[in-house]
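Take the sequence shown: its position 169, counted from the start at 1, is 169 in UniProt numbering, and no numbers get skipped.
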Amino acid sequence: MANRTELSKDETAESYDALASKYDVRWKGYLENTHQKLLGQLRIHPSDRVLDISAGTGYLAKYIQQNDWEFGEFVLNDVSSEMLGKAQEKVGSDDRYRFTGYSAEQMSFETNSFDRVISMNAFHNYPNQEAVIQEVYRVLKPGGMFYLLDWNKEGLFRVVNYWIDKLTSETIQTVSVDDAEALLSSLHFNIKNKQTWHYRYWNLFLITVNKPEQGK
């Protein structure tokens, strides 16, 4: 029998599979807002291996490609095959990009293998958020950076979040920025930057952390 994490993964994948063809148009303003916030913090070096653990339709990867950012390899991971299909269409035959469909809680990447890991607009969909953070820590190289951007369950957005949870089929487990920061700190990440802001009816946060260098 499938466990709850597996069922939640399947439900989320099915929900986003159904949205894939219209996702970018439907959420255009939201995607532009959140990606600009991330891009204001994101730093990538020419040799870096980058992992986007819930890459969706490849909005971030396409921006980086269009603006000639240099990097070694960019892995787009997502549980929705339809969303990843849209991402593949966007970046074309560029062999610096690779596509995987792992659950964020258990990714088959080598330990200490990525310089940058990104989770955008997806943390609320993870049924086991602690396991995701542990997995990010595992795959990051010592000194590597993790960028976590998601909904911030504070203020009036709690009401909005309640109705989103009621009206959608995928997992909704939104946390506050303080809870996200506490979880990251408890799992040995160093907090480097924290931002909160509003876009329309969303409260949002971006936390930038790094994995300590070995021996520190």
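Positions of the beta carbon are idealized from the N, C-alpha and C atoms, including for glycine.
Note that the structure is predicted; figures quoted are calculated from it, not measured.
| Item | Value |
| --- | --- |
| Just checking my contact of ASP150 with PHE123 at CB under 8 Å: how many whole Å lie between their CB atoms? | 4 Å |
| May I have the straight-line CA-CA distance separating GLN195 from GLU89, to the nearest angstrom? | 32 Å |
| In three-state terms, what does DSSP make of SER81? | helix |
| What residues in its chain sit with their C-beta under 7 Å from that of ASP78, if we drop five residues either side in the sequence? | SER54, ALA55, GLY56, LEU84, GLY101 |
| Which whole-angstrom value describes the C-beta separation of TRP197 and LEU187, a residue pair presumed to lie in contact below a C-beta threshold of 8 Å? | About 25 Å; that fails the 8 Å criterion. |
| To which residues of the same chain is ALA61 closer than 8 Å at the C-beta, ignoring the five residues directly before and after it? | ASP52, ALA55, PHE74, LEU76, ALA87, LYS90, VAL91, TYR97 |
| Can you find at least 3 beta carbon pairs, one from the region 172-179 and one from the region 105-114, that sit closer than 8 Å? | no |
| Please report the straight-line C-alpha distance between GLY40 and ARG138, rounded to a whole angstrom. | 25 Å |
| Let me know the secondary structure DSSP gives ASN67 once reduced to three states. | coil |
| Roughly how many angstroms lie between the CA atoms of THR171 and MET120, to the nearest whole one? | 16 Å |
| With a cut-off of 9 Å, does the C-beta of THR208 fall near any C-beta of chain B? | In the displayed structure, chain B is absent; only one protein chain is listed. |
| In angstroms, rounded to a whole number, what distance separates the CA positions of ARG200 and HIS35? | 15 Å |
| Looking only at C-alpha atoms, which of PHE114, LEU148, TYR59, ASP95 sits nearest to LYS28? | TYR59 |
| Could you work out which residue in ASP48, SER47, VAL25, TYR63 is closest to LEU38 when comparing CA atoms only? | TYR63 |
| Might you give, ordered along the chain, the residues of its own chain that have their beta carbon closer than 7 Å to the beta carbon of ASP48, omitting 5 neighbours on each side? | PHE71, GLY72, ASP115, ARG116 |
| If you count every other CB in all the chains shown that lies within 10 Å of the CB of TYR126, and 16 or more means buried, which is it? | buried |
| Which residues does DSSP pair with MET107 in a beta bridge? | Note: MET107 sits in no beta bridge, so no partner. |
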